[in-house]
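Here the structure comes first, spelled out in structure tokens, and everything after it is commentary.
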Amino acid sequence: DTLYSELYEKGAFNGSVLIAEDGQIIFEKSYGLADEQTNRKLNDSTIFELASVSKQFTAMGIVQLKKEGKLSYQEDITKYVPELIDYKGITIQNLLNHTGGLPDYMELSDKNWDKSNIATNDDMLEMFKQVKPKKLFEPNEKWDYSNTGYLILATIIERASGQEFEEYLKNKIFEPLEMENTFVYRRRFAPKEVPNYANGYIYSDSLQKKILPDEIGKDFYVVYLDGIVGDGMVNSNPKDLLKWDRALYKDNLINDEDRELIFSSVKTKDSSQTDYGFGWMIDSTKTYGKVASHSGGWAGYISYIERDIDNDKTIIVLQNNSLS
462 DTLYSELYEK GAFNGSVLIA EDGQIIFEKS YGLADEQTNR KLNDSTIFEL
512 ASVSKQFTAM GIVQLKKEGK LSYQEDITKY VPELIDYKGI TIQNLLNHTG
562 GLPDYMELSD KNWDKSNIAT NDDMLEMFKQ VKPKKLFEPN EKWDYSNTGY
612 LILATIIERA SGQEFEEYLK NKIFEPLEME NTFVYRRRFA PKEVPNYANG
662 YIYSDSLQKK ILPDEIGKDF YVVYLDGIVG DGMVNSNPKD LLKWDRALYK
712 DNLINDEDRE LIFSSVKTKD SSQTDYGFGW MIDSTKTYGK VASHSGGWAG
762 YISYIERDID NDKTIIVLQN NSLS
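Its first residue numbered 462, the sequence shown is counted upward by one per residue in our numbering.
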């Protein structure tokens with residue numbers, strides 16, 4: 462509390478923190494405002510955009526489809542996404558582990574997308590089909606963190622399940638785990654009223670104050686890419702993320718074989734460790750044992766979840782100010 466209070470006083474932190482040990486909350490506190498205009502404060506139930514922490518839910522959606530027999534990890538992505546026929550040879554597991562070699566869709570859209578429109582996954586896939594950007598490397602040759610890969614995984618979930626991405630995650634993950642404040646939300650593409658929501662703020666050097674990203678205009682990337690799901694766009698709060706953490710130790714969603722894949726680093730062709738599983742960064746130290754974590758940053762939000770698996774400790778930090 463001393464640390465975060467001091468950071469908050471210096472304007473360096475605005476968010477919610479939850480620390481748990483053996484599943485029991487030992488520290489939980491929120492610092493600052495959810496809405497700068499109304500002075501509405503953050504509280505322990507306030508909902509934040511998770512940014513790339515969303516990837517672990519996309520990965521779990523794929524795991525559930527595999528368990529249902531609707532896909533396999535070694536299948537070529539072109540089976541579900543024929544738009545990418547020029548990239549044949551990349552498997553679903555390559556996308557999960559970031560070893561597929563596809564270029565970044567954000568850079569591609571910056572050069573090729575009409576920024577007066579909000580893009581969707583289908584739009585980006587059509588752009589890849591038309592522009593045909595070169596692969597960065599052949600599958601399994603290297604590890605390169607790929608938002609493109611997780612965009613494609615969301616589309617595979619939709620096409621293999623016959624459901625919208627948000628509906629599938631709701632039916633298979635959020636509702637079964639009673640994560641009542643967790644959902645896919647694209648606030649610009651499909652606006653709706655969300656009670657107790659934290660607005661995400663960035664800092665404007667020219668205005669010398671915090672602003673919403675939307676104030677920059679339609680051609681700001683977080684605005685025109687707001688229709689994309691899979692690599693981001695899951696929203697949640699610390700309490701729901703603790704429910705998620707607890708479920709990953711149990712067998713209601715996954716078994717030991719699934720856990721091993723999700724929380725193990727894969728190797729590239731040259732036997733280099735990637736330190737990445739299925740939507741989780743993987744680390745192991747003498748002091749802390751196996752640690753799975755992920756961070757994210759998008760549209761004013763900064764998110765972090767850490768699971769010290771061997772010692773059963775959980776750290777969740779959600780911020781709604783990205784001021785640097």
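Glycine is no exception: its CB is placed at the ideal position from the N, C-alpha and C atoms.
ask   = Which residues in the same chain have their Cβ closer than 8 Å to the Cβ of Leu494, if we skip the five residues on either side of it in sequence?
value = Locating residue 494 in the sequence shown gives position 33, where the first residue counts as 1. Taken in chain order, the residues that qualify are Asn475, Asn500, Arg501, Lys502, Leu503.
ask   = For Asp869, which residues does DSSP report across the bridge?
value = This structure does not reach residue 869, given that the chain is present from 462 up to 785, and the question cannot be answered.
request  = Look at the Cβ atom of Leu597, then the Cβ atom of Pro564, and state whether they are nearer than 7 Å.
outcome  = One-based indexing of the sequence shown puts residue 597 at position 136. One-based indexing of the sequence shown puts residue 564 at position 103. Yes. Within cutoff.
query = Going by the CB atoms, is the gap between Gly688 and Phe724 shorter than 7 Å?
reply = Here the question's residue 724 lines up with position 263 in the sequence shown. Here the question's residue 688 lines up with position 227 in the sequence shown. In this structure, Gly688 does not lie closer than 7 Å to Phe724 by Cβ.
request  = Indicate the three-state DSSP secondary structure (helix, strand or coil) for Arg501 in the structure shown.
outcome  = What you label residue 501 is simply residue 40 of the sequence shown in a count that begins at 1. In this structure, Arg501 counts as strand in the three-state DSSP scheme.
inquiry  = By the DSSP assignment, the beta strand (DSSP E) with Arg768 in it spans what residues?
reply    = In the sequence shown, the residue the question calls residue 768 occupies position 307. Per DSSP, Arg768 is one residue of the beta strand (DSSP E) stretching across 762-769.
query = On the three-state DSSP scale, how would you describe Val690?
reply = Taking the sequence shown and counting its residues from 1, the one referred to as residue 690 is at position 229. Val690 falls in the coil class under three-state DSSP.
key: Length-filtered (4 minimum) alpha helix (DSSP H) runs lying within the region 508-540   = 516-528
query = Which residues share a DSSP beta bridge with Leu479?
reply = By 1-based counting over the sequence shown, the position of residue 479 is 18. Leu479 is bridged to Glu489, Ile777.
Start-end ranges of the alpha helix (DSSP H) lying completely within the region 607-686, minimum 4 residues = 608-622, 626-630, 682-685
key: Phe739 classed as buried or exposed, judged by whether at least 16 other C-beta atoms fall within 10 angstroms   = Against the sequence shown, residue 739 aligns to sequence position 278. Label assigned to Phe739: buried.
message = Taking the straight line between their C-alpha atoms, what separation do you get for Arg620 and Asp483?
response = For the purposes of this step, residue 620 is identified with residue 159 of the sequence shown, where counting begins at 1. For the purposes of this step, residue 483 is identified with residue 22 of the sequence shown, where counting begins at 1. A straight line joining the alpha-carbon of Arg620 with that of Asp483 spans about 38 Å.
Leu612 versus Phe518, Val684, Ile677, residue with shortest Cα-Cα distance = Taking the sequence shown and counting its residues from 1, one reaches residue 612 at position 151. Out of Phe518, Val684, Ile677, Phe518 has the C-alpha closest to the C-alpha of Leu612.
query = Is Thr729 near Lys603, with beta carbons less than 7 Å apart?
reply = For the purposes of this step, residue 729 is identified with residue 268 of the sequence shown, where counting begins at 1. For the purposes of this step, residue 603 is identified with residue 142 of the sequence shown, where counting begins at 1. Contact flag set, yes.
inquiry  = Rounded to whole angstroms, what is the Cα-Cα separation between Tyr646 and Ser697?
reply    = What you label residue 646 is simply residue 185 of the sequence shown in a count that begins at 1. What you label residue 697 is simply residue 236 of the sequence shown in a count that begins at 1. Rounded to the nearest whole angstrom, the C-alpha separation of Tyr646 and Ser697 is 10 Å.
ask   = Straight-line CA distance for Ser491 to Leu779?
value = Mapped onto the sequence shown, residue 491 falls at position 30. Mapped onto the sequence shown, residue 779 falls at position 318. Note on geometry: alpha-carbon atoms of Ser491 and Leu779 lie some 9 Å from one another.
ask   = Buried or exposed: which applies to Val727, given that a residue is buried once 16 or more other Cβ atoms fall within 10 Å of its Cβ?
value = The count along the sequence shown starts at 1 and reaches residue 727 at position 266. Buried is the call here.
query = Since Leu494 sits in a beta bridge, which residues does DSSP pair it with?
reply = On the sequence shown, position 33 is the one that residue 494 refers to. Answer is Lys502.
query = When DSSP labels each residue in this structure, what does Asn578 get in the three-state scheme?
reply = Position 117 of the sequence shown, counted from the first residue, corresponds to residue 578. Three-state result, Asn578: coil.
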